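Numbering (the numbering used here), first residue to last: 949 to 1106.
Think of the CB as a built atom: it goes at the ideal place given N, C-alpha and C, for glycine as much as any other residue.
All of these numbers come straight from a predicted model, not from anything done at the bench.
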């Protein structure tokens, strides 16, 4: 139920996502737990919707190892990301928040990512996003990456 309320809060604010503007590198500021990023401290994703419809996820672990996942990506239904990895694993996430193609929130009912074009997100912008997504059912489980402002990264180490 909370996710439905969360989606309704942002549903009317997002028009069709521009493929060219959304393409490129996005740094992960925070995420909900998922099995593919258990060891990640810094992650980013690169979308190419203009030439190849590709997605590349890069994760750096605390031991400075790098994990990479590559797949197929498409923008569907105005504001959804459809991602396919290894030809069989397909997921669909809603772009629930997009601020001038500088910051974004990508989510479904279980997972959520806060993304930024820059490694360092403006703290005021992050607070605004956190206020918007507070009704997501896994909000309390957010993991802040090393790209997040220091006051958030300290929380994860306590």
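{"Item": "Stretch-stretch touch, CB-based, cutoff 8 Å, three pairs: the segment 1064-1074 with the segment 1043-1052", "Value": "yes"}
{"Item": "C-alpha gap between residue 1010 and residue 1026, whole angstroms", "Value": "36 Å"}
{"Item": "Cβ neighbour criterion (16 or more within 10 Å) applied to residue 1012", "Value": "exposed"}
{"Item": "Unbroken stretches of the beta strand (DSSP E), 3 residues or longer, contained in the segment 1045-1076", "Value": "1051-1055, 1060-1064"}
{"Item": "Check whether residue 1063 and residue 1081 have beta carbons under 8 Å apart", "Value": "no"}
{"Item": "Among 1083, 1054, 1099, nearest to residue 1040 - alpha-carbon criterion", "Value": "1054"}
{"Item": "N-terminal and C-terminal residue of the beta strand (DSSP E) that residue 969 is part of", "Value": "Unbroken run through residue 969 is the alpha helix (DSSP H), 967-970; no beta strand (DSSP E)."}
{"Item": "Of the listed residues 984, 1056, 993, 963, nearest to residue 1083 (C-alpha basis)", "Value": "1056"}
{"Item": "Proximity of residue 1017 and residue 1033 at Cβ, strictly below 8 Å", "Value": "yes"}
{"Item": "Residues near residue 1094 by beta carbon distance below 7 Å, same chain, minus five either side", "Value": "989, 990, 1101"}
{"Item": "Simplified DSSP state of residue 991, which is helix, strand or coil", "Value": "strand"}
{"Item": "Beta-carbon contacts of residue 1015 that lie in its chain and below 6 Å, excluding the five residues immediately before and after", "Value": "1007"}
{"Item": "Under the three-state DSSP convention, the category residue 1016 falls into", "Value": "strand"}
{"Item": "Backbone secondary structure at residue 1028 - three-state DSSP", "Value": "strand"}
{"Item": "Distance CB(residue 1035)-CB(residue 970) smaller than 8 Å", "Value": "no"}
{"Item": "CA nearest to the CA of residue 968, picked from 994, 982, 984", "Value": "994"}
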